[in-house]
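Just add 249 to wherever you are in the sequence shown, counting from 1, and you've got the working numbering.
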Amino acid sequence: MADELAPGPAGEPTAGAPLAPASGAVPVVRPLTPADVPAVAALERELFERSAWPEVMIREELDAFGRYYVGIDDEAGLAAYAGSWFDGDVSQVMTLAVSTRAQHRGWGRALLRTLLDRARSDRAQALFLEVRVDNEPAIALYRSEGFEILTRRRRYYQPEDVDAWTMRLEL
Ligand SMILES: CC(C)(COP(=O)(O)OP(=O)(O)OC[C@H]1O[C@@H](n2cnc3c(N)ncnc32)[C@H](O)[C@@H]1OP(=O)(O)O)[C@@H](O)C(=O)NCCC(=O)NCCS
Numbered sequence: 250m251a252d253e254l255a256p257g258p259a260g261e262p263t264a265g266a267p268l269a270p271a272s273g274a275v276p277v278v279r280p281l282t283p284a285d286v287p288a289v290a291a292l293e294r295e296l297f298e299r300s301a302w303p304e305v306m307i308r309e310e311l312d313a314f315g316r317y318y319v320g321i322d323d324e325a326g327l328a329a330y331a332g333s334w335f336d337g338d339v340s341q342v343m344t345l346a347v348s349t350r351a352q353h354r355g356w357g358r359a360l361l362r363t364l365l366d367r368a369r370s371d372r373a374q375a376l377f378l379e380v381r382v383d384n385e386p387a388i389a390l391y392r393s394e395g396f397e398i399l400t401r402r403r404r405y406y407q408p409e410d411v412d413a414w415t416m417r418l419e420l
C-alpha cells in the first residue's frame with residue numbers, strides 16, 4: 250500500500266516498504282473514511298480546543314476536491330490523523346494531529362512523511378503548512394523534515410488570536 254513508507258538511504262520516503270519510525274511499534278497508516286468523522290472530531294476537541302473542527306466541517310473536508318486524509322489506530326481506536334490538499338500546483342498540509350496518548354512514538358513524523366510521499370507522487374512543486382508560532386514540538390518536527398519558514402501570518406489563528414508561520418518544503 251502506498252501509505253506505508255520507509256525512510257530511504259538518504260532519509261527520503263520510499264514507497265512499498267513498511268514504515269519504520271524512530272521509536273515504538275511500526276504504525277499502519279490507512280486512509281480515513283466517513284466512519285472516522287466522530288473520532289476525528291473527538292481528537293480535534295482534545296488537541297485544538299477552541300479551534301477544533303466540528304463534525305460537519307470534517308465531513309465536508311474529507312469529501313472536498315484534492316484532499317488526502319490518513320490515520321493511525323491504536324488499541325483504543327483512531328489515535329492520529331493528517332490531511333493534505335493538492336490544488337494541481339502545490340500541496341498544503343491541512344492538519345496533523347496525534348492524541349496525547351500516542352505522542353512521542355514517531356507517528357507524527359510517519360503521517361507527515363505519508364503526506365510528503367503523496368505530494369511527490371502528485372508532482373506538487375512544494376508542500377506548504379501553517380503552524381502556530383508557539384507550537385515548538387510541531388515546528389521542530391517540520392524543520393527536521395526540511396521545511397523552512399517563509400512568512401509570518403499575523404493573527405492567523407482565531408479565536409486564540411495567535412500568529413502562524415507559513416512553512417514550505419520544495420519538492
Ligand atoms: C506535533 C505532533 C503532531 C508531533 O507528533 P508526535 O507523534 O508526538 O511526534 P513524533 O514522535 O513523530 O516526533 C517527531 C519529532 O517532532 C518533534 N517533537 C515531538 N514532540 C516534541 C516535543 N514535545 N518537544 C520538542 N519537539 C518535539 C521532534 O523533532 C521529534 O523528533 P525526535 O523524536 O527525533 O526528537 C503532536 O505533538 C501533536 O499532535 N500536537 C498537537 C496538535 C498539533 O500541534 N498539530 C500540529 C498542527 S500544525
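Cβ atoms here follow ideal geometry from the backbone N, Cα and C, with glycine treated the same way.
- Relative to ARG369, the option among SER340, ALA328, GLU293 and THR400 whose CA is nearest is SER340.
- Short of 7 Å from the beta carbon of ALA413, and not among the five residues preceding or following it, lie these beta carbons of its own chain, in chain order: GLU379, VAL380, ARG381, VAL382, ARG402, TYR405 and TYR406.
- Sorting GLU293, VAL319 and ARG354 by C-alpha distance to the C-alpha of LEU365 places VAL319 at the top.
- Setting aside the 5 residues that flank it on each side, VAL286 is surrounded in the same chain by GLU304, ILE307, ARG308 and LEU311, each with a C-beta closer than 8 Å to its C-beta; the list follows chain order.
- Sorted by chain position, residues whose beta-carbon lies closer than 6 Å to a non-hydrogen atom of ligand 1 are ALA271, LEU296, LEU345, ALA346, VAL347, GLN352, HIS353, ARG354, GLY355, TRP356, GLY357, ARG358, VAL380, ASN384, GLU385, PRO386, ALA387, ALA389, LEU390 and SER393.
- Apart from the 5 residues on each side of it in sequence, LEU420 sits with its Cβ closer than 7 Å to the Cβ of ALA368, ARG369, ALA373, GLN374, ALA375 and LEU376 in its chain, given in chain order.
- The C-alpha of PHE335 lies about 28 Å from the C-alpha of GLY326.
- The DSSP-derived three-state label of PHE335 is strand.
- When DSSP states are grouped into helix, strand and coil, GLU324 belongs to the coil group.
- Counting C-beta atoms within 10 angstroms of its own C-beta, PHE396 has 16 or more neighbours from the protein chains shown and is therefore classed as buried.
- Annotation: THR415 is outside any alpha helix (DSSP H); the continuous beta strand (DSSP E) that includes it extends over 411-419.
- Counted as a single uninterrupted DSSP element, the beta strand (DSSP E) harbouring ARG402 occupies residues 397-406.
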